[in-house]
Structures are given as C-alpha cells and as structure tokens.
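One structure below.
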Amino acid sequence: MEALFRNATRFFAGLVLLLLGAIVVTLFVDALPAFRAFGPSFLVSQEWDPVRNLYGALPAAYGTVVSSLIALLLAGPLGIGIAVFLSELAPPWLSRPVGVAVEMLAAVPSIIYGMWGLFVLAPVLHRSLYAFLEERLGFLPLFAGPSLGIGMLTGGIILAIMILPFVASVSRDVLRLVPPLLKESAYGLGATRWEVIAKVMVPYGRTGLVGALFMGLGRALGETMAATFVIGNSHTLSVSLLSPSNTIASTLANEFAEATSDLHLSSLIALAFLLFLITTAILSLAKVLLWRMERAVGGGSR
Amino acid sequence: MTPRGFRYLRRKAVNASLLTLSAASALFGIVFLVWILREVFLRGARALNWAFFTELPAPPGVAAGGMANAVVGTLLLTALAVALGVPTGILAGTYLAEYGRKNALARAVRFVSDVLASSPSIVVGVFVYALLVKPLGSFSGLSGSAALAILMIPVVTRTSEEMLRLVPDTLREAALALGAPQWKVIVAVCYRRVLGGLTTGVLLAVARVSGETAPLLFTALNNPYWNWNPLRPTGTLNVTLFNYAMSPYDDWRAKAWGAALLITLMVLVTTLLARLVVSRTEIGRS
Numbered sequence: 416m417e418a419l420f421r422n423a424t425r426f427f428a429g430l431v432l433l434l435l436g437a438i439v440v441t442l443f444v445d446a447l448p449a450f451r452a453f454g455p456s457f458l459v460s461q462e463w464d465p466v467r468n469l470y471g472a473l474p475a476a477y478g479t480v481v482s483s484l485i486a487l488l489l490a491g492p493l494g495i496g497i498a499v500f501l502s503e504l505a506p507p508w509l510s511r512p513v514g515v516a517v518e519m520l521a522a523v524p525s526i527i528y529g530m531w532g533l534f535v536l537a538p539v540l541h542r543s544l545y546a547f548l549e550e551r552l553g554f555l556p557l558f559a560g561p562s563l564g565i566g567m568l569t570g571g572i573i574l575a576i577m578i579l580p581f582v583a584s585v586s587r588d589v590l591r592l593v594p595p596l597l598k599e600s601a602y603g604l605g606a607t608r609w610e611v612i613a614k615v616m617v618p619y620g621r622t623g624l625v626g627a628l629f630m631g632l633g634r635a636l637g638e639t640m641a642a643t644f645v646i647g648n649s650h651t652l653s654v655s656l657l658s659p660s661n662t663i664a665s666t667l668a669n670e671f672a673e674a675t676s677d678l679h680l681s682s683l684i685a686l687a688f689l690l691f692l693i694t695t696a697i698l699s700l701a702k703v704l705l706w707r708m709e710r711a712v713g714g715g716s717r
Numbered sequence: 158m159t160p161r162g163f164r165y166l167r168r169k170a171v172n173a174s175l176l177t178l179s180a181a182s183a184l185f186g187i188v189f190l191v192w193i194l195r196e197v198f199l200r201g202a203r204a205l206n207w208a209f210f211t212e213l214p215a216p217p218g219v220a221a222g223g224m225a226n227a228v229v230g231t232l233l234l235t236a237l238a239v240a241l242g243v244p245t246g247i248l249a250g251t252y253l254a255e256y257g258r259k260n261a262l263a264r265a266v267r268f269v270s271d272v273l274a275s276s277p278s279i280v281v282g283v284f285v286y287a288l289l290v291k292p293l294g295s296f297s298g299l300s301g302s303a304a305l306a307i308l309m310i311p312v313v314t315r316t317s318e319e320m321l322r323l324v325p326d327t328l329r330e331a332a333l334a335l336g337a338p339q340w341k342v343i344v345a346v347c348y349r350r351v352l353g354g355l356t357t358g359v360l361l362a363v364a365r366v367s368g369e370t371a372p373l374l375f376t377a378l379n380n381p382y383w384n385w386n387p388l389r390p391t392g393t394l395n396v397t398l399f400n401y402a403m404s405p406y407d408d409w410r411a412k413a414w415g416a417a418l419l420i421t422l423m424v425l426v427t428t429l430l431a432r433l434v435v436s437r438t439e440i441g442r443s
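If you read the sequences in order, they're chains A and B. The first sequence maps to residues 416 to 717 in the working numbering. The second sequence maps to residues 158 to 443 in the working numbering.
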C-alpha cells in the first residue's frame, strides 16, 4: 500500500513534466506539414491567404510582439509604482484593500477585458486619444490614420491593463524581500523615502523586478480573448499603431475551428508551436530570475 | 537661500512628486477595476431575466430566448474538469511536499508547473485538439474539460504542495512513531490538517478556468441545444458570449453582457471564497 501510494504520487508528479514534453512534441509533429511546405520562409512571409493556401507567420508574429511590448511599456512602470505603493507607502488599512483590488483585477477573465475593451474603451479612445494622435501626429507613419478605435494600440492598452496586476503583485513580493535592516540604515543616514526606494530597494531587487517584467511579457504574448476582441483581426502588416492588426493567439481563436484545409490547420498549429516556444522561454527566464532573487535573499539574511 | 537648503528642498520635492505618482498608479488600477465591473454589472443586469436561465437560444436576430444550455454546459464542463484535474494536482503536490521535497524530479516538476501556470491557454486548446478532438473525430465537451483540467493542474499542484508544507514535521513524526505507515500519515494526518488549504487550491483552480474561453473554442466548440453527451459539442457561457458579442444583432450583444456578468460573478465569488476559506482555517492563523 505504501509503495502504491508513493508511486501514484510520483506518477502524477511525472505527468506534469510529461505534459510539457507532450505539448511540444504534439504541436511540432502537427506543424511539420506547414514547416515542410514553406520552410524557413514561413517565419518571414507576409502572406496569409487561405484561398491560395499560402501561409506566413510574419504579420501575426509582428502583432504579437509589438502589442506585448506596448503592454509592457505601459504596465511596467505602473505595476512597479503600485508595488511601491503597496509595500512602502500605504498604511496597512489601505494596502490590504488595494491589494485585494489588484487581486480582483487579476481574476477578471480575459474575455471580459476583451468585451469591455471593444464596447466601452475603444469608442472612448477613438474619440479622445486617437483623434488627437491622428490630428497632431498623423504625419508620423506610426500614428497614420484613419483610426477605427480597434487596432494595435488598443490591443496593447488592454493587454497592459491585464498584465498590470501580475507585474504589481510579483514586484510587491520582490520588494518585500528587501531586508528591513538595509532600509533602516538608509533612513538612518537621512535618506528620503523615495531615495530609499530608488537607491536601496530597487537595486537590491533588480533581478526580481526584471523577472516580474518578463512574467508580464510572457502573459501578454499569449493572451488570447482580450486581444481578439480589440486588435482588429487583419492579416495586413502595417506600421501604424492605429490600424487593425493581429496576434498569433487571435489568429488561432478566429480561424482554428473553421480552418479550410489541412495545410491551413497545420500552419495554425505551427503558429501555436512558435508561441509556446517563445512564451515558455520567456516565462522560464522570469522564473529563474525570481528564484535567483529568492535564493540571494535567503543566503544573505542568514 | 544656501545651496544646502536648496538641495534639501529639491530632495523633498522629488520625494513628494514621485511618491504621488506611485499612489496615482495604484488609483489608476482601481479606476479600471471599478470601471470594468460597473459596465459589466449595469449592462449585464439588464440582460438577465427568467428566460435567460430557462430557455434555449433563439434563432439569430429574434429577440427572445436565453442561454439555459450554456449555463448548464459551463457547470458540467467545470465539474468534469475538477474531477480530472484535482486528483492529479493533489497527488502531484503530495509528491512534491512529502516524498520528493528536494530531489531533482521535484525541482523539475515545480519549475515546469510554474511555467505551465502562465502558459497561453489557447495553446492548451490546440494541444487537446490534436490529442483528443482529431482522434475522436468530433468536438466534444470531454475534450473541453480535458483542456480546462490541464490548466487546473499546475494551480492545484502548487497550492497543495504549499499547504502540505505548512504541516509541522513534528506532527508527522508523532504519527510515524505510533507505527503508522507514511501513506497513512499523509492521508489521515496531513490531508486532514490542511483540508481548508486543499479546498482553497480547488477553488482557485475553478476561478482560474471558469473565465477561460480560448481553450474551449476548438475543443468543446458550441451548441445551441441541450446536450448531455460528453462526446458531442457542448455550449458554454464563455464561447456563447464570444459568438454573441461578435455578432451584429443587438439582442445577442445584450445577452452577451448577461453572460459576462454571470462569468464575472462566478470568478469573483470563487476567488473571494478561496481567500475566506484560507483565513478561516488553521493555516491562516499559523
């Protein structure tokens, strides 16, 4: 009985490992027809045309990377700002409810963000920010109109709101690891609160904070429903952040169930394979950084 | 003013302005939360009525009917996912906390499950499509549940491990000294001690998957009729919401907000419940 139980737990633990391997292998095998048909040009081709049965990953990959970078650019500073507020600034009676609010923001499902983004936020952005950008900065290719309300920038903004709570809560945990002794010494030397944060806590937690940002990036890259609602779902590559675009995840969401041919399906699976490789790499890096941070603290304080 | 006094003032000004920015970013996050919840509750409440829960969807463009099948479909799929994912996660977590602790396998499992927990859920959908939908020849509720279960496993594994680790070793040693075999110690002492914690893990996993739409799009697909066969396509609130929100019909869009409200409530209630359970049990106190 003892052996049975022990082996059962070991089997299921192994299953978790196996899952990762199985996902990689299965996706790769099913993506092979597409890789064979298009070779390396699959990665750089702009063509995505189910009618002529030609598929290239570039527009979706570009959209994925750009929208996620916009998200990181917006959510990074804001998230760390919230973390500073929660760990250093707010008194306990305030930091607890704000912490719960951040947790709730993280719990709101992706599809709700998407729907809210499409019906509530996009019209607001269209009238205010985008009208301004188009009028004042429309001469730049980056903000060339006409804006539709949905598009790359809206996608990036929605993704930013989505990853904000993750960046904030991971960074908060990192900042809490900073030994009080270190902070108190700095205060004792007469540093202002901001100086303690910027010159003691942030340098101390650098590794972990970078890990938190990568964590957010990994999430943004794979977010599906939120992006699908607001990104515009167009396979045309465009420099303008105001024009409709596409991400790997939104392409999968829109086309997978209705794929027209085997090659179409295989190309979609190839996209999924790429997405999984990239996010796994980034999330692993984030994990390693966070672990290193924790270990450094564990070793340093004892 | 002396240069030193000026410098002091500048430091104070920088301090005040940047700390204000930090507080403003917290306010910013809360504004979005309130804004999203407000829209979902206001627009959703208008769409919910008796018919929403008791009638099948009406044909496109007809302003009538409900989503009874999707409400039930979501509950069934989630229950099946719990049945598949929770035992797996708890046993894997048990290995990490009780048997593996610091060996290489346990370390690898911890790493992989943390990475999988943040992996794109749509890729899991593609994986289950290749694994179950293609061989079985049909989209099905079962494959939808399998996809959700895969998303649950990392959450349950890690929370069970963390909870079991809170059990003091002295308790284990006391039971072992009485002659109990290790499995009995785990089942009768450790599990019992952290029952609340394990429940939290399950609740968190349910909260994690009940908002998931992407992995269901091409596994469970959708179905506008009642379906009790796990091997046939099954309608869910999430996929129905997606189809309705993207449709050109005003009534469907209004109903999509109703579905959005139900999903949000389900997720928030389970999340808050999970917090409550953990603070009510001995784990919260210790």
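Glycine included, each C-beta is placed from N, C-alpha and C at the ideal position.
Asked, Found
"Under 8 Å between C-beta atoms of L248/B and A418/A", "no"
"CB-CB length for A431/B against A413/B, believed under 8 Å", "The pair is not a contact, with the Cβ atoms about 27 Å apart (cut-off 8 Å)."
"Cβ-Cβ separation, E318/B to G250/B (assumed contact under 8 Å), whole Å", "4 Å"
"Cβ of N260/B within 8 Å of any chain A Cβ", "no"
"Distance, R264/B Cα to L253/B Cα", "8 Å"
"Backbone CA spacing between M519/A and L194/B [nearest angstrom]", "10 Å"
"Alpha-carbon spacing of P492/A relative to T622/A, whole angstroms", "16 Å"
"Sequence-distant residues of the same chain with beta carbon closer than 8 Å to F457/A, five excluded per side", "A449, F450, Y470, G471, A472, S682, A685"
"Span of the alpha helix (DSSP H) around L596/A", "595-603"
"8 Å Cβ cutoff, R425/A in contact with chain B", "yes"
"Short-range partners of chain C found in the segment 243-257 of chain B, where Cβ spacing is below 9 Å", "You won't find chain C in this structure, because its protein chains are A and B."
"Coil, strand or helix - P277/B by DSSP", "coil"
"Three-state class that DSSP yields for L657/A in the structure shown", "coil"
"Distance CB(A802/A)-CB(R587/A) smaller than 8 Å", "The displayed coordinates of chain A run from 416 to 717. Any statement about residue 802/A would go beyond what the structure contains."
"Complete runs of the alpha helix (DSSP H) confined to the segment 176-228 of chain B [at least 4 residues]", "207-211"
"Contact with chain A by R168/B, beta-carbon distance below 8 Å", "yes"
"Which of helix, strand or coil DSSP assigns to Y348/B", "helix"
"Listed by chain order, chain A residues near W385/B by CB distance under 8 Å", "Within chain A, no residue comes near W385/B; the closest Cβ sits about 22 Å away, beyond 8 Å."
"As assigned by DSSP and simplified to three states, the class of L234/B", "helix"
"Within chain B, the residues that L493/A reaches when beta carbons sit closer than 8 Å", "S182, F185, G186"
"Pairwise C-alpha distance: T607/A and F163/B", "15 Å"
"Chain-ordered residues of the segment 321-340 of chain B with a beta carbon less than 8 Å from chain A", "P338, Q339, W340"
"Sub-8 Å separation of M577/A and F399/B beta-carbons", "no"
"Cα-Cα separation, V617/A to A202/B", "45 Å"
"Proximity of S270/B and V431/A at Cβ, strictly below 8 Å", "yes"
"Buried versus exposed, by CB contacts within 10 Å (16 or more), L540/A", "buried"
"Complete runs of the alpha helix (DSSP H) confined to the segment 270-342 of chain B [at least 4 residues]", "278-285, 298-322, 326-334"
"Contacts of P381/B in chain A (Cβ-Cβ under 9 Å)", "What P381/B touches in chain A: nothing, since even the nearest Cβ is about 15 Å away."
"Rounded straight-line distance, which links the Cα of S460/A to that of L678/A", "15 Å"
"Partners in chain A for P277/B, counting only beta-carbon separations shorter than 8 Å", "L636, G637, E638, T639, A664, L690, F691, T694"
"Short Cβ contact (8 Å threshold) for L308/B with P372/B", "yes"
"Unbroken alpha helix (DSSP H) run spanning A418/A, endpoints", "417-453"
"Minimum Cβ-Cβ distance from L432/A to chain B less than 8 Å", "yes"
"Other residues of its chain near I438/A: CB distance less than 7 Å, five sequence neighbours each side excluded", "F691"
"Contact under 8 Å by Cβ, V280/B with A304/B", "no"
"Distance CB(I572/A)-CB(G647/A) smaller than 8 Å", "no"
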